[in-house]
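Here the protein sequences come in this chain order: D, E, F, C and L.
Numbering-wise, the working numbering comes out as the position in the first sequence, counting from 1, plus 97.
Numbering-wise, the working numbering comes out as the position in the second sequence, counting from 1, plus 2.
Numbering-wise, the working numbering comes out as the position in the third sequence, counting from 1, plus 1.
Numbering-wise, the working numbering comes out as the position in the fourth sequence, counting from 1, plus 16.
Numbering-wise, the working numbering comes out as the position in the fifth sequence, counting from 1, plus 221.
Each remark here refers to the structure printed beneath this line.
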Amino acid sequence: MIIELFFQYLVAGITYGIIYSTVAIGFNIIYNATGIINFAQGEFVMIGGMTAVTLNAFLPLPLAIIIAVIITMVVGALIDIIFIRWIVNPSVLRMIIITIGLSIVIREIALHVWGDGVRALPYFTGNEITSLSIAGVHISPQVLWVIGVCSVVVIALNFFFSFTLVGRQMRACASNRNAARLCGINAKNIVTLSFVLSAGIGALAGCVISPITYVQYDSGTGLAIKGFTVAILGGLGNSMAAVAAGIILGILESFSIWVLPAAYKDAIAISILLIILFYRPSGLFGSREVFRLKEF
Amino acid sequence: MPGKRVLQMAGLITGVITVQLLTRFTGTGYFLTQLTMSAYYSLVIIGLCLLIGYAGQISLGHAGFFAMGGYISALLTTYNLLPYKDNAIIAVLMKTGILVVRTNLYGSEILYFQPWVACIIAVSMTVLVAYLIGGPILKLKGHYLAMATLGLGIIVYRIVLGSAFFGEADGLSEVPAFTLLPGLKVSGNLSVRISNYYIAWGLVIIAFITLLNLVDSRVGRALRSIHGAEDASSAVGVNTAKYKLNTFVLSAAFASIAGVFLTHYNGGIGPSEASVMKSVRYVAIVAVGGMANLWGALIMGVLLNFLSLRGYFGSFDDAVFGGILIVIMLFAPEGLIRVDIFRYLKRAVSGEKAGEQNDGSS
Amino acid sequence: MMLKVRNLEAGYGKLKVLRRVSIHVKQGEIVTIIGANGAGKTTLLNTIAGLIKTQSGEIMFSGKNIHGLPVERIVFYGCSLVPEGRQVFSTMTVKENLLLGGYVLKRKKMDGAVEDEIESVYSLFPLLRERKKQLAGTLSGGEQQMLAIGRALMARPSLIMMDEPSMGLAPLIVKDIFNIIYKLREGGKTVLLVEQNAQASLRIADRGYVLETGRVKLQGPAEDLLANRDVQRAYLGKDIDADNL
Amino acid sequence: MDLLKAENLNRSFGGLKAVDNISFSVGECLIKAVIGPNGAGKTTLFNLISGFLRPDSGSIVFADREIAGKSPFQVAEMGMARTFQHIKLFPKMTALENVMTGRHIHSRAGFIPSMLHLPGMSREEKFIRERSLEIMESVGIMDLADIEATDLAYGQQRAVELARALACEPRLLLLDEPAAGLNMRETAEVAGLIKKIRDSGITILIVEHDMSLVMGISDEIIVLSYGEKIAEDVPLAIQKNREVVRVYLGEDDA
Amino acid sequence: DTIKIGAILAVTGPASFLGSPEAKTLRMLTDEVNAGGGINGEKIELIIKDSGANPEKAISFAKQLIEEDKVFAIIGPSTSGETMKIKNIAQEGKTILLSCAAAEVIVNPVAKYVFKTPQKDSFAVKKIFMQMNKMGIKRIGVVTGNTGFGKAGKAQLAKIAPDYGIKILVSEVYDKKATDLTAVVTKLKSKDIQAVVNWSIVPAQSIVAKNMKQIGLNVPLFQSHGFGNIKYVKAAGAAAEGIIFPAGRLLVSDALPKSNRQRAVLLKYKKDYESKYHEAVSTFGGHAYDAFNILVKAIREVGPDREKVRDAIENMKDFVGTGGIFNFSPTDHNGLGMDSFDMLTVRNGRFVLLNK
Ligand SMILES: Nc1ncnc2c1ncn2[C@@H]1O[C@H](COP(=O)(O)OP(=O)(O)OP(=O)(O)O)[C@@H](O)[C@H]1O
Ligand SMILES: Nc1ncnc2c1ncn2[C@@H]1O[C@H](COP(=O)(O)OP(=O)(O)OP(=O)(O)O)[C@@H](O)[C@H]1O
Ligand SMILES: [Mg+2]
Ligand SMILES: [Mg+2]
C-alpha cells in the first residue's frame, strides 16, 4: 500500500511538473532571444486553450488545435509588432512592466470575448474517468499526452537553440543586440520570431493540458507564476533544465501534500525554491558563469 | 533642514490642507475616506520607490510586508484572550496594560493587545523577517531577485489564506480603533474622518520628507551607485550588501506601518492585500511615477489608488490599470511626473522663456 | 569609390556631435581617423554603420546610398564595424561568436565558406583556437578584442571599420594587429581605422583625417600628417615628453 | 616598508590557472607596473588584491593587515582604490556625483541621520562637493562636472574614473589600463598625472600595455605570463630581458 | 423622486461567478420594477459597485454608498469576507444590508441592520449528513477550496459531523485555482473513508470528481450547494455522474410538483433571466433576486422609511423566494429553514432529485 501510494504521489507530482514545464519553456524562448521575461506568457496558454475549445465546436480536434496554435502565433506576432518592436533600447524593467500590463489587458479582453465560463477540450484518448492502471498506480492517458508533447518540444527546442543558426541568433540578440545587428542579424525579426515561437508553444501547451486543468479567462496568471518559478529554478534560458526543475517542483508539491496540509503546498514549494536559490543563485542547472556575465 | 526641503514640505502641507478645506466647503467630505486610504497605499509605494528606483532592487513581494503589518496587528487586537486570563503571563500582561479589555458590537468582552503594543510587535516582526530574509535574497540579481521576492509574497499570501487564526479567505474583521494619543484615533468612524485624513497625510509627509532627505544625501548617492554599477560601488568602499539590506528593511517597515494603520482604519484586512496582483500594482505605480522619482511615486500612488478605490473604473479596474501601464511604459517610460516638468513650471513662473539652445549644460 | 560621406551631421538627441563631416575611402585603401577624446570618431563610425540616426548629409557605399538603412542591411552590403569596447556575445562561446559573425555568408548562400573563414581567423589569432569553447565574457580584455575583430572578418566585408582595435592589447599583439590590418589590405580589403595610437596607424595608413570637436580639421596622405607639427604636438605628444618626463 | 605584500597567490577558473603562485611586494610611494600578454592574469591579480575575487590560496598583506578574503568595500575602507579595465561608471549620475561617491569612506552620515538631515550634514555635504571638485580640477575635467558620466567620450570617462578613485584618498591606487583609449599626447598627460599622484604620497600599482607610459614612469615592473611571474625588475632591465621580449614586447620595440 | 439602492458585488475577479449573475439579476429586476411604474410611483435607482472581491474596495464603496449616495439599502456583497468587513459600517450608518454571502457569522450574532438571503451552510451540511445516515456512511474525507465559501463549509462540516455520528478522517484545503488534485485525492484514498465531501466553487469541483475516478477512488462524492450550476457538470463530463449535493430548487424547477409554492417564482426567474441574458440561471443570481424582492416588498408595504422598512423585513413571514420560504424574526435575519434544500444528483448529465 505504501509503495503504491508512493508511486501514486510520484505520478501526481510528475503531472504537475510537466504542466508547469510546458509553460516555463515558453518563458525561456523569449528570454533566450531578448533577455526579458514575458509575463504575458500564461495568456498565450490561455488563448491557445480557449481558441481550441471554441473551434472544436465545429472542427475536429486535431484541426482545432492546429488552427488555435496558429491563431495564437499571430497574436504573439501582433503583440511584438504593436508593443515591443519599435521600442528603442528597451530596459528590462520597462519590458517587464509592459508585459505585465499586456497580460492584464489580454485577460480582460478574454473575459469579454469568452465570458467567465470554464471550458476544456475533450480528452484526447478516453474520457474524464479513463485511467491506465500499472501495478495499482493510476494515470490518466492525457498525462501521457502531455508528457509526450512536452518531450518532443523540449528536444526540438534544445536542438534548435544549440545547433541551428536561428537559435544562435536568438541568443546573440539577447546577449548584445547591437553587436548582433553588426553581424547582419535582423534583431527585430528575430524577436518577432521568438514571440511567435513561444506563443505557439504556449498555445500547444494550453491545448494539451486543458482537459486536465480546464481553461478560463484568468487561468494564465496562475500558470505563469508556476512557469516562471520553474524557469528560474531550472536556470533561465534552458528548456531541458526547466523540465527537470518542473518535475522536481511538482514532486515536491505532491509529496508535501502527503505529509502536510495541502493548503500550504505552494508556500512549501516556494520556500524550497528560495532555499535553493540562496545556495545556487543561478538556479539548479543554470551556469554560474553565465549568471555572472548577465547584466539583469 | 535645507531651505529647499522646508519649501517642499510647506507646499505639501498646504496642498493637503487645501484639499481638506475644499472638500469641506463643497460639502464633499466623503472624498477624504478614499484620500486617507490612498495615502496609506502611497506610503508603501514611496518606500518601494526608494528600493526599486534608487537602490535598483526590484521587489514583487511588498504586499506581503503590508499584509504582515496589517494581519499581525489585526490578529493581536481581535484575538480574544479572555479564556486564558488565569494564565500567569496573561495576568502579568493585563497588569502592565499591554492587554486591555473592550466590549464588542454584540456586548461581549474581549481581552486583546493594546493597539500600540500590537503595532510595535507587527512592525518589528516585519522588520525582523525582512532583515533575516533580505540578506540572502538581495544576493540575487535581476529576474532571480524578482522571483525570490515574488515567492516571499506568495508565501505570506498562502500563510494568511491557509491559517485558521488569520481567518483564511475571509480575513480578519472587527479590528478596533487605534488610539494614537488621547482623542486621536485611527478609525474609519465617520466622526473622526477629518482627523484621520490628517493622521494619514501627516505620516506620509513625514515619511516622504525623510526619503527626500535620504536620496539627497551621501546614502542616496551610494544607493544610486549600487543601482548603476555594484562592483564599482563596492570598490569605492560602499558596503553594498548592507546598504541594500537597510533599504529593503526600511521599505518593508514603511509597508508594514501602512498595513497596520490601514487595517485599523478599515477595521479589517483580507487576503487580497497580500496577493501578487497587489505587489505588482505597487511596482507598476512606481514605474508609472518614473522609477527614481519620489514625487512621481507619491502623486501617481495617490491618484491611481484614489481613482480605483472610488470605483471610477467600474468593472474595468484591472483593464484600465493594465492599459495605463502599457501606454505609459510605451510613450513615457521615464514616468509622467518628470523633473523637467517642474523645471519648466519654475521657468514659466519666474517669467523666463524656456531656453531652447542651452541643453546639455545647466 | 568605396565609401563617400558628405556633410554628415549626427549626434545624440539634441546634442550634435558631428558637424558637416565629409570623408571618403577608396577601394583598397587604409584610411585612418585620429582625434582627441570626444572628438566624435566613434560617433562617425557608428553613424556610417547605421547604429546612430543621421540628422543630415549623405553616405554612399559602393555606389549605393546607405543613408538611413538598418544596420543589418549595411553589413550585408559588405561594410562591417568592429565596435569600440569589444562587444562580444559574452554568454556564448568563442566559436559561437565566430559562427554568428559568419551569418552574412550564410545569407549570401556561401555556407561552405564559414568553416574556411573560421580557420583563417584561428590562424590570425591562434589564442582564439585554444579558447574556442570558453564563454566570451570570461576572456581577458585582449582576447575579447581579437574575438571582436575575428567576428567582423567572418562576414568577409569589403570595407571593415575598426574602432580602436589596439586598445588594451599587449605590444606584441598590437604589432600583430597592425600587421593584420596591413595584410587585410593586401587581401583586397578596404579599412577605415579609428585609432588613438596615431603613430602606428598613420604608419600603415594611406591617408588620414584629423577630427576635432566633430569637424574634419586636417586631411591628407598619412606621411604628411605624420610630419605635421600640429599633429605631432596634439596627438603624438612629441613635445610634452620633453617637458614632463 | 612594504605597503602591499602578496605571497604565493593562486587562483584558477575551472582548469585554467589564471594566477599561479605569484609573490611580490610594493614599497610605499612607488609606482609598480604589472605587464604581460593578454590573458596573463593581470586583471585577475588586481581582482584578488582588491577583494573582488577570493584567492584559492596565498596571503595578501596590506598596510600590515591580512586582506585575502576580505570584501571589496573593506579593502577600500583600509585605503585601497582602483579603476577598472572595462570602465565602470555610475550611470544616471553626473561626473561630479560619480566623484562625490568616491568620497564615501571619508564621510559618515548613515541612514537615520540622513533621513532626519541632522545638523552638520550640510557641512559634510558641502565639503564632499568642494573636495570632489578640487580633485576633478587636478585631473582636468572640471568642465565635465555636470554632464552625465556615461554620456562622456571614452577617454573622458577614464578620467572621471580616475578622479573617483582619487576621491577615496587611497594609500594604494590600482590602475587597470588607465591609458587605454587615449592618444599619445593624452597618454603622456596621464603619465604626468600618475607621477604627480605618486609624489603626493600615494603608492600605485598599474597594469598597462602602453610601453611608453610603463617604461617612463614605473619604478619597478612585474611581468606575468600564463599566470606566472616571469620577471621582476627595474624598467631598463625588463626591456632587455629575453623572455619578456619574446612573450610580450616583441623584437624591434622602439 | 427615486429610491436609491446600492449594490456591492464581485462582478469581476475571483468571485465573478457570484457577482456577475447577481448584478445581471439586479439590473433585470430594477428595469422590471421601473417599467411597472416603480414602487408606489417612485422609481428605483440602482448603483452597482464592482468590488472584484477585494475587502478594501468593499469598505470604500460601502462608505461611499452610505455617506455620499445616501442609498436606502445595500444589496451584497457577494462574499462573506467582504460582508464581514462592512457589517459594522452598515450598522453604524443605519443602512439596511442584504448580503448575498453564505457564512453564518453574517447573521449570527445578529446585527440590527444586516440580513442575508442565501441558505445557511449548516442546513446544507445537515442535509448531506442526513443523506449519509440513510446510506450508512460513517467515515468521510473532506476537501475544501480556499475561498470564504470553502472555509465556512469546512467549519460547519467539522462542527456538525458528531451530531450525526460521522467521523471526518481527513480534511484538506486546496487552492481555488488548482489545476490538478491527484495528490490531494490520493491522500483521501490512503484513508479508510466511505465518502468524500467537496466544498468549493469553480472548476475545482469538477477536477475533484475527475481525479477521484482516475485514481480509482470509487466512493460516493458529495458536493456543496455551490455545485448548482450545470456548467460544472458539463466540465466534469462522465465523472459527474452520481454526484450528490443539496441545492435550492431553482435547478430542478421544472421537475417540481405543481403544488410546490416556489414553483411559480422559480420558473418566472428562470424564464426572465435566461431569455434576457442567454445563459443558464445560477442559484447565486437567485440570492440577489430574493434580496431585491424582499426589499421591494417591504418598501411597498411601509413606504420608503428606513427604520420602518427594516422592521418590516425583520417581521416578514412567508415570503416565497428562489432560495425557499423566508420567515424572518429578530433573532433570525436569514429566515430560511432546512426545507429550503433538496438533495439532487447528476444523472445522464442532468440534475435530478435524488430520491425520486
Ligand atoms: N550615448 C551618448 N549620449 C550622449 N552623448 C554622447 C553619447 N556617446 C557619446 N556622446 C558624446 O559625444 C561626443 C563624441 O563622442 P565619441 O564617443 O564619438 O568620441 P570619440 O572621438 O570616439 O572619443 P574616444 O576617443 O574617447 O573614444 C562626446 O562629447 C560624448 O560626450
Ligand atoms: N571569470 C572567469 N572565468 C573563467 N576564466 C576567466 C575568468 N576571468 C578570467 N579568466 C581567464 O583568466 C585568464 C586571465 O585573465 P585576465 O583578465 O586576468 O587577463 P589580463 O592579464 O588582464 O589580460 P588583458 O591584458 O587582456 O586584460 C584569461 O585567460 C581569462 O580568459
Ligand atoms: Mg571612441
Ligand atoms: Mg586585464
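Each residue gets a CB set at the ideal place from its N, CA and C atoms; glycine is no exception.
Just so it is clear, the structure is predicted and the values come from calculations on it, not from any experiment.
Would you list the one or two residues that DSSP bridges to F466 of chain L?
L:L565
Measure the CB-CB distance between G243 of chain C and G57 of chain C and report whether it falls below 8 Å.
yes
Do F382 of chain D and A341 of chain D have their C-beta atoms within less than 8 Å of each other?
yes
Rounded C-beta distance between G155 of chain E and L306 of chain E? I'm assuming under 8 Å.
Rounded, the Cβ-Cβ distance is 20 Å, inconsistent with contact.
Distance, Cα to Cα, V251 of chain D vs V234 of chain D?
26 Å
Range of the contiguous beta strand (DSSP E) that encloses W420 of chain L
A416 to W420
Could you check whether the Cβ of T128 of chain E sits closer than 8 Å to any Cβ belonging to chain C?
no
Considering Y361 of chain D, what are the terminal residues of the alpha helix (DSSP H) in which it resides?
Here Y361 of chain D belongs to no alpha helix (DSSP H), and DSSP marks it neither H nor E.
Does the CB of D177 of chain D have a neighbour CB from chain E at under 8 Å?
no
Along the beta strand (DSSP E) that carries L575 of chain L, what are the first and last residues, could you check?
Note, L575 of chain L: premise wrong, no beta strand (DSSP E); not H, not E.
Among residues of its own chain, excluding the 5 on either side of I100 of chain E, which ones have a beta-carbon nearer than 7 Å to its beta-carbon?
F115, Q116 and V119
Under the rule that 16 or more other beta-carbon atoms within 10 Å means buried, what is T222 of chain D, buried or exposed?
exposed
Please find out if some non-hydrogen atom of ligand 4 comes closer than 7 Å to the beta-carbon of G266 of chain C.
no
Span of the beta strand (DSSP E) around H25 of chain F
L16 to V26
Comparing alpha-carbon positions, which option in D:S353, D:R182, D:I195 and D:N224 lies nearest I134 of chain D?
D:I195
Sorted by chain position, which residues of the same chain lie with C-beta nearer than 8 Å to P71 of chain F's C-beta, five sequence neighbours on each side aside?
G51
Check the Cβ of D270 of chain L against every Cβ in chain E and list those closer than 7 Å, keeping chain order.
Before going further, note that residue 270 of chain L is Lys rather than Asp in the sequence given. Under the 7 Å cutoff, chain E gives G313.
Measure the C-alpha to C-alpha separation of Y106 of chain D and I345 of chain D and round it to an integer number of angstroms.
13 Å
Alpha-carbon spacing of F180 of chain E relative to N191 of chain E, whole angstroms
11 Å
Output yes if chain D places a C-beta closer than 8 Å to the C-beta of G369 of chain L; else output no.
no
Can you find a C-beta in chain E that's less than 8 Å from the C-beta of Y311 of chain D?
no
Unbroken stretches of the alpha helix (DSSP H), 4 residues or longer, contained in the segment 222-277 of chain E
232-237 and 242-268
Closer than 7 Å: E177 of chain C CB and nearest ligand 2 heavy atom
no
Run the proximity test for T44 of chain F: is its beta-carbon closer than 7 Å to any non-hydrogen atom belonging to ligand 1?
yes
Does the Cβ of T566 of chain L have 16 or more other Cβ atoms within 10 Å, making it buried, or fewer, making it exposed?
buried
Enumerate in chain order the residues of its own chain whose CB-to-CB distance from T251 of chain L is below 6 Å, with the five nearest sequence positions on each side excluded.
I265 and L267
Every unbroken alpha helix (DSSP H) inside the segment 134-172 of chain E [4 residues or more]:
144-164
Indicate whether at least one CB of chain E lies closer than 8 Å to the CB of R394 of chain D.
No statement about residue 394 of chain D is possible, as the shown extent of chain D runs from 98 to 393 and does not include it.
R521 of chain L versus L:K245, L:G258 and L:D384, residue with shortest Cα-Cα distance
L:G258
Identify, in the order they occur along the chain, each residue of the same chain with its Cβ nearer than 6 Å to the Cβ of S363 of chain E, setting aside the five sequence neighbours on each side.
Here S363 of chain E scores only 35 on pLDDT, less than 50, and its place in the model is too uncertain to base an answer on.
Have a look at S253 of chain E and T151 of chain E and give me their C-alpha separation to the nearest angstrom.
13 Å
Please confirm whether any heavy atom of ligand 4 lies closer than 7 Å to the CB of G142 of chain F.
yes
In three-state terms, what does DSSP make of C321 of chain L?
coil
Any heavy atom of ligand 5 closer than 7 Å to the Cβ of T92 of chain F?
Because ligand 5 does not appear in the structure shown, any question about it cannot be addressed here, the ligands present being ligand 1, ligand 2, ligand 3 and ligand 4.
What's the gap between the Cα of Y146 of chain E and the Cα of V131 of chain E?
19 Å
Which residues of chain D have a Cβ atom closer than 7 Å to the Cβ of S411 of chain L, listed in chain order?
L102
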